[in-house]
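Reading through the structure tokens given below for one structure.
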Amino acid sequence: MVKKMDEAFLDQTVRQMIKKRNNFGAVLCVEQGDDAFSWAGAAGNMEADDQYFIASVTKLYVTAVALKLRAENLLQLEDCIANYLSKDIVRGIHVLDGVDYSHDITIKHLISNTSGIPDYFACKQSDGKTVASQLFQGNDEEWPLEKTLDLIKGNKPKFKPGQKGKVNYSDTNYQLLGRIMENVTGLSMTEIFQTFIFDKLNLSKTYVYEDVNDTKPVPLYYKSNAVHVPLYMSSIAPEGGIVSTAKDTMTFLKAFFNGYFFPTEQLEELKQWNRIYFPGQFYYGIGLEKLWVPRILSPSNPIKEILGFWGQSGAFAFYNPERDVYFTGTVNQSSGFGHSAAFNAMIKIIRACA
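Take 24 as the starting number for the sequence shown in the numbering used here and just add one per residue.
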């Protein structure tokens, strides 16, 4: 059990997270499901209560909101997105080999990344450079939905919507989900998150990044460089715009898996897995991720599922039902190469729980 661990073990674990090249700071929060144990620590240039960009961990908050809206009969996952979006948005959003599938796309396709719609973040612009590479070089600019659609409509979709066995991680899907949520509620995404989640859970240090002069979040790193992209971060609320702390994220994570937002039985519905190989190797379900864990890491006492979400920023929020232990935090490194440090820390602690 986690409660048997001493702080020296956990201190050493979080310090190990910054030994990987370009991981300058890390935060780790670990809690037992029954609240018998709670620990938070940090290493390097971060403190345990620092606010940081949770990036795509935001998408788990979107899942919570989507299921709440479904319970209120404001939307259904099987509904076509054309029911909720303007004709200008839907028109030509998915034309593959001369066939227009735009009106076949459902909300479920978006939230499960099975729409086939390209990820604008990985798309090349007119100069031949991807959006991601430009941002990581510090070329800051906003990416609202309309601009995103102008770019992706000129790119070939990856596959037919819902094509069996196909999945493609796409931030574009979540921008579209955000607009759908705004349309059905009459609220902005900032107001939606605040009303449905932040206020309900009293998350006093969690908010949607909107003010480009806001310097509360710790600086984000890409490899060895601090990257300052406030215009971008203020424009991507539904796909990655939340700022939080490890403790606040822990409060949300435990609420997510313990029936606060939707009946716990609905978790099984979310486990419709497709394996993603880029970025990283993991499984994607209905607004939920599962880590790929080789059996060799714990052959005699299987780890089984580790469920939650990664963020491009190195943020993480995961739950291991087998040991009933939760993890939140960040390595604050957006290159994608720092995530393994967080993965190794979680595996180390889970194995110690056996």
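All residues carry an ideal CB built from backbone N, CA and C; glycine is no exception.
**Asked** Looking only at DSSP bridge pairs, what is Gly48 linked to?
**Response** Gly67
**Request:** Give the DSSP-derived three-state secondary structure of Phe60 in the structure shown.
**Result:** coil
**Asked** Ile104 and Leu133 look like a contact to me (Cβ under 8 Å); what is the Cβ gap, rounded to whole Å?
**Response** 7 Å
**Request:** Under 8 Å by Cβ, that's how I've got Leu381 and Gly308 pegged, so tell me the actual separation to the nearest angstrom.
**Result:** Look at the range of the chain in this structure, 24 to 377, and you will see that residue 381 is not part of it.
**Prompt:** Is the CB-CB distance between Ala364 and Ile41 below 9 Å?
**Reply:** yes
**Message:** Runs of 4 residues minimum, wholly inside the region 62 to 138: which ones carry the alpha helix (DSSP H) assignment?
**Reply:** 81 to 94, 110 to 113, 130 to 134
**Item:** Bridge partners - Tyr255, DSSP secondary structure assignment
**Value:** Tyr255 pairs with nothing; no bridge assigned.
**Request:** Give the range of the beta strand (DSSP E) segment to which Ser363 is assigned.
**Result:** Segment 362 to 376 is the alpha helix (DSSP H) holding Ser363; no beta strand (DSSP E) there.
**Request:** Determine the DSSP secondary structure at Asn206, reduced to helix, strand or coil.
**Result:** helix
**Sequence-distant residues of its chain with Cβ nearer than 8 Å to Asp58 (five each side left out)** = none
**Prompt:** CA-CA distance, Gly67 and Asp29?
**Reply:** 20 Å
**Item:** Residues sharing a beta bridge with Phe301, DSSP
**Value:** Per DSSP, none; premise fails for Phe301.
**Asked** Since Leu254 contacts Val235 with CB under 8 Å, what's their CB separation in whole angstroms?
**Response** 6 Å
**Message:** Which complete beta strand (DSSP E) runs does the region 134 to 198 hold, if anything under 3 residues is left out?
**Reply:** none
**Which of helix, strand or coil DSSP assigns to Glu214** = helix
**Asked** By how many angstroms is the C-alpha of Thr351 removed from the C-alpha of Thr238?
**Response** 22 Å
**Prompt:** Taking one C-beta from the region 243 to 262 and one from the region 161 to 172 each time, how about it: are there three or more such pairs within less than 8 Å?
**Reply:** yes
**Prompt:** Between the C-alpha atoms of Phe305 and Gln186, what's the straight-line distance to the nearest angstrom?
**Reply:** 19 Å
**Request:** Quick one: residues in its chain with C-beta nearer than 6 Å to the C-beta of Arg38, no 5 flanking neighbours on either side, listed in chain order?
**Result:** Ala66
**Request:** Spell out whether any CB of chain B is found under 9 Å from the CB atom of Gly361.
**Result:** Judged by its chain identifiers, the structure shown contains no chain B, having just a single protein chain.
**Prompt:** Which stretch, first to last residue, makes up the alpha helix (DSSP H) that contains Gly263?
**Reply:** 260 to 263
**Request:** Give the straight-line distance between the Cα atoms of Asn355 and Pro325, rounded to the nearest whole angstrom.
**Result:** 29 Å
**Item:** Residues that DSSP places opposite Asp267 in a beta bridge
**Value:** Reading off the sequence shown, one finds Ser at residue 267, where the question assumed Asp. Ser267 is bridged to Tyr75.
**Asked** Got a sec? Which residues, its chain only, sit under 8 Å from Ala89 by beta carbon, not counting five neighbours each side?
**Response** Leu98, Leu100, Ile130, Ile134, Leu200, Met204, Gly310
**Request:** Decide if the region 215 to 223 is in contact with the region 114 to 128; the criterion is three or more beta carbon pairs, one per stretch, under 8 Å apart.
**Result:** no
**Request:** Tell me whether the beta-carbon of Tyr107 lies closer than 9 Å to the beta-carbon of Val250.
**Result:** no
**Item:** Own chain, CB closer than 7 Å to Phe284, minus 5 neighbours either side, in chain order
**Value:** Ala87, Leu90, Lys91, Ala278
**Asked** Within the chosen definition, does the region 120 to 129 reach the region 175 to 190 through at least 3 CB pairs nearer than 8 Å?
**Response** yes
**Request:** Pick helix, strand or coil for Gln356, following the three-state DSSP scheme.
**Result:** strand
**Request:** Mark Asp271 as exposed unless 16 or more other C-beta atoms lie within 10 angstroms of its C-beta, in which case mark it buried.
**Result:** buried
**Item:** Coil, strand or helix - Lys277 by DSSP
**Value:** helix
**Message:** Less than 9 Å between the C-beta atoms of Ala269 and Ala31, yes or no?
**Reply:** no
**Prompt:** Which residues does DSSP pair with Lys313 in a beta bridge?
**Reply:** Tyr306, Leu330
**Asked** Residues bridged to Thr351 by DSSP?
**Response** Cys52, Ala340
**Prompt:** Given that a residue counts as buried once 16 or more other Cβ atoms are within 10 Å of its Cβ, and exposed if not, what is Leu33?
**Reply:** buried
**Prompt:** Which class does Leu243 belong to by DSSP, given the choice of helix, strand or coil?
**Reply:** strand
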